[in-house]
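Residue numbers (our numbering), protein chains in the order written: chain U, 1099 to 1510; chain D, 1099 to 1510.
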């Protein structure tokens, strides 16, 4: 809170109270959104597992989600990357996005599409944050300071909802800051972001509903373990570059060549169902949580990560609704697990390293990857995670799933 | 007829009459099959053009054809290549194949799948020929000669049905001889094959129902035209190698990796529909007759041949029912047409060269390609066709759609 009163101009106590209450409200909304999303997507995943033929309905379900977006007057291509662009440009986030992405993700996962609910949580959080922020008539806390930008309320909602879903309030706040590239308008409100995120986290903890990633044992220090961190980091850096490039390329090619989103969603659904059926890849459907749990228990085939990554690029590239973050976690963990045996390191720990390193490289948000990893796997894992993430980030090209990272912006 | 009485043993007059009548019966049956096939597939193509959404039903239609084969107790993988293998090994051809492939091709073309009816005509002809041959109790014309092999009646039916469909009785007889690799058991019956083929051709001519490929103008001799023949031959040799290898590989991979034919047909239908929809390739659906006419009128995009070839490999590789010959003609004509401008040769004539050259290279039946080409485009075109086919055959690897060619068998 130091910087608020640091420079002259005087603090407006009414605005301090407003910001405080807004943070609590955004936290509550974020937690509610996270819980609704978790329940809905888990139901979809269970139905998809029970009735495998739902895969054949994926083209129709994809078409339904595009039509829903049209009915809600949402831009057809509004995915996480375009939302992040809006955040950076301080554009408005439409309130209808929250129900839209919730239903869209439900439909995609119901048909077995390889998408996650984490990026959907970001989108819901942004949409709800912007909505919840309106009645508070937020203004700068310091009198005479420049007006509060549009993006602030959305960013607060994102931090809250993501923090609740992952039980990782610190990483989630850092993630939003990195996505906003430490824009001063967002960065000066870190206290509000943290408050909202911790409030949402607290509510989610009470209910226990969210994405519970299993803890793994952190091995004692050894030099082979350090080598393993570097190896996993290098592999995840390369794979993250390919994934980020592939997803951006797929989205661009589909938007240009296919054009109409309805046709793209149906075509994507047909292709996805055809490939899954042809190769018997039913196990790679959905968010990937079972695969992630498997990897963190030490089970992963050598090429599993590539299959999951390819299917995710296909599903998201063709505009099926859903998020990219949980698939990224899964891909990273599968890759890390597959590399487990190289130096004799424990495969589960190697999977945890892969999760953080791949996410950091592909999203260009290394600090968030480190903090989330530490919050999920415990502080004892932090030094190893830091090494793996740093190697992955440094060893990858700056083609992020959500655009360039902060570092390259600063270098300009 | 010289060889029949050449060596001693005496001729059985009753068998001469039987063979003669069988040839006429096979010709009638072949013509009837060709007409039924043409009417059915043309109807399917018209429906597919009128109702574009039928593309989305391709997975279901593919599944239906697999289930139909199961109900008819036909082997799931019985395609033209396996049928030709049977012919070569003198195995039995099941009578249920005729209705099976008729209905299967109808269903695939109805859903827009890229398959032809020519190979279906071969299969129907073989099945009907074998059936029609039974009551004639055919035995060797020469007393004491080795027994008539199973494959003979089937081969006669193939020549008849194919000759009727294409109005090309000479090429069709040569095609069957080349497919049988001039096996003596078949080759010594050339008179019967020709009689059946011409009888079927005559009936088809009267009705006018079959595949009418438009004639094109044959240009006057010029050296650039000779260069064009060599160029088209080289290109078709290379493309034919890729196509033949691709189709054999696709079939092998799908049979091994996917296994269950029902799953493969559904997956293939999904993939086909997805790709066509994604890239807007609706014009490449079906047998390709409209594309072929376009190419022979001088219209073809530079990469059209590759698209048609790829879609055909996909459809047939995944076990959708139908034939490979008309797609081969189309691919060759599109390639030839695209190469038309290189030496200033007329694009339609270049398309005709491509048709024959690509078919000769991909099927490993160059003499049939030449004869068919001459029958379709006129005798004046024969010298140029011969050059293009010879270059294509010599310049391609011996990986035929229906297995190795005769030449490599003789070389063993």
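Think of the CB as a built atom: it goes at the ideal place given N, C-alpha and C, for glycine as much as any other residue.
Beta bridge counterpart(s) of residue i as assigned by DSSP
i: residue 1182 (chain D); result: Note: residue 1182 (chain D) sits in no beta bridge, so no partner.
i: residue 1190 (chain U); result: Answer by DSSP bridge pairing: none, since residue 1190 (chain U) is not bridged.
i: residue 1214 (chain U); result: U:1421
Nearest-angstrom Cα separation, counted from residue j out to residue i
i: residue 1161 (chain D); j: residue 1140 (chain D); result: 21 Å
i: residue 1282 (chain U); j: residue 1251 (chain U); result: 14 Å
i: residue 1493 (chain D); j: residue 1464 (chain D); result: 12 Å
i: residue 1357 (chain U); j: residue 1351 (chain U); result: 9 Å
i: residue 1192 (chain D); j: residue 1399 (chain U); result: 44 Å
i: residue 1500 (chain D); j: residue 1178 (chain D); result: 7 Å
i: residue 1518 (chain U); j: residue 1441 (chain U); result: Limits of chain U in this structure are 1099 at one end and 1510 at the other, which puts residue 1518 (chain U) out of reach.
i: residue 1369 (chain D); j: residue 1369 (chain U); result: 5 Å
i: residue 1150 (chain D); j: residue 1381 (chain D); result: 11 Å
i: residue 1515 (chain U); j: residue 1247 (chain U); result: Any question about residue 1515 (chain U) goes unanswered here, given that chain U covers just 1099 to 1510.
i: residue 1285 (chain U); j: residue 1157 (chain U); result: 41 Å
i: residue 1470 (chain D); j: residue 1218 (chain D); result: 17 Å
i: residue 1355 (chain U); j: residue 1176 (chain U); result: 18 Å
i: residue 1164 (chain D); j: residue 1142 (chain D); result: 18 Å
i: residue 1135 (chain U); j: residue 1388 (chain U); result: 18 Å
i: residue 1154 (chain U); j: residue 1300 (chain U); result: 40 Å
i: residue 1048 (chain D); j: residue 1159 (chain U); result: As displayed, chain D neither begins before 1099 nor continues past 1510, which places residue 1048 (chain D) out of reach and without an answer.
i: residue 1128 (chain D); j: residue 1227 (chain D); result: 8 Å
i: residue 1188 (chain U); j: residue 1214 (chain U); result: 25 Å
i: residue 1144 (chain U); j: residue 1394 (chain D); result: 55 Å
i: residue 1362 (chain D); j: residue 1413 (chain D); result: 10 Å
i: residue 1276 (chain D); j: residue 1270 (chain D); result: 10 Å
i: residue 1451 (chain U); j: residue 1364 (chain D); result: 39 Å
i: residue 1110 (chain D); j: residue 1338 (chain D); result: 46 Å
i: residue 1359 (chain D); j: residue 1325 (chain D); result: 46 Å
Three-state class that DSSP yields for residue i in the structure shown
i: residue 1102 (chain U); result: Residue placement at residue 1102 (chain U) is flagged as unreliable, the pLDDT there being 44, under the threshold of 50; a coordinate-derived value is accordingly withheld.
i: residue 1240 (chain U); result: strand
i: residue 1511 (chain U); result: Here chain U comprises residues numbered 1099 to 1510, so residue 1511 (chain U) is not present and cannot be evaluated.
i: residue 1373 (chain D); result: helix
i: residue 1354 (chain D); result: helix
i: residue 1483 (chain D); result: helix
i: residue 1402 (chain U); result: helix
i: residue 1567 (chain U); result: There is simply no residue 1567 (chain U) to check, as chain U begins at 1099 and stops at 1510 in what is shown.
i: residue 1496 (chain U); result: coil
i: residue 1265 (chain D); result: coil
i: residue 1503 (chain D); result: coil
i: residue 1313 (chain D); result: coil
i: residue 1328 (chain D); result: helix
i: residue 1395 (chain U); result: coil
i: residue 1416 (chain D); result: coil
i: residue 1347 (chain U); result: helix
i: residue 1390 (chain U); result: helix
Run of the alpha helix (DSSP H) containing residue i, from where it starts to where it stops
i: residue 1140 (chain U); result: 1111–1148
i: residue 1173 (chain D); result: Counting along the chain, residue 1173 (chain D) falls outside any alpha helix (DSSP H), and DSSP gives it neither H nor E.
i: residue 1295 (chain D); result: 1288–1305
i: residue 1383 (chain D); result: It is not in any alpha helix (DSSP H) - residue 1383 (chain D) carries neither H nor E in the DSSP assignment.
i: residue 1207 (chain U); result: 1195–1208
i: residue 1515 (chain D); result: In the structure displayed, chain D extends from 1099 to 1510; residue 1515 (chain D) sits before or after that span and is not available.
i: residue 1234 (chain D); result: That residue, residue 1234 (chain D), is in no alpha helix (DSSP H); it is neither H nor E in DSSP.
i: residue 1474 (chain D); result: 1464–1475
Status (buried if at least 16 other CB within 10 Å, exposed otherwise) for residue i
i: residue 1374 (chain D); result: buried
i: residue 1320 (chain D); result: exposed
i: residue 1280 (chain D); result: exposed
i: residue 1405 (chain U); result: buried
i: residue 1108 (chain U); result: exposed
i: residue 1376 (chain U); result: buried
i: residue 1439 (chain D); result: exposed
i: residue 1419 (chain D); result: buried
i: residue 1429 (chain U); result: buried
i: residue 1462 (chain U); result: buried
i: residue 1207 (chain D); result: buried
i: residue 1099 (chain U); result: Note on residue 1099 (chain U): pLDDT 40, under 50, position unreliable in the model; the coordinate value appears next. Burial call: exposed.
i: residue 1254 (chain D); result: buried
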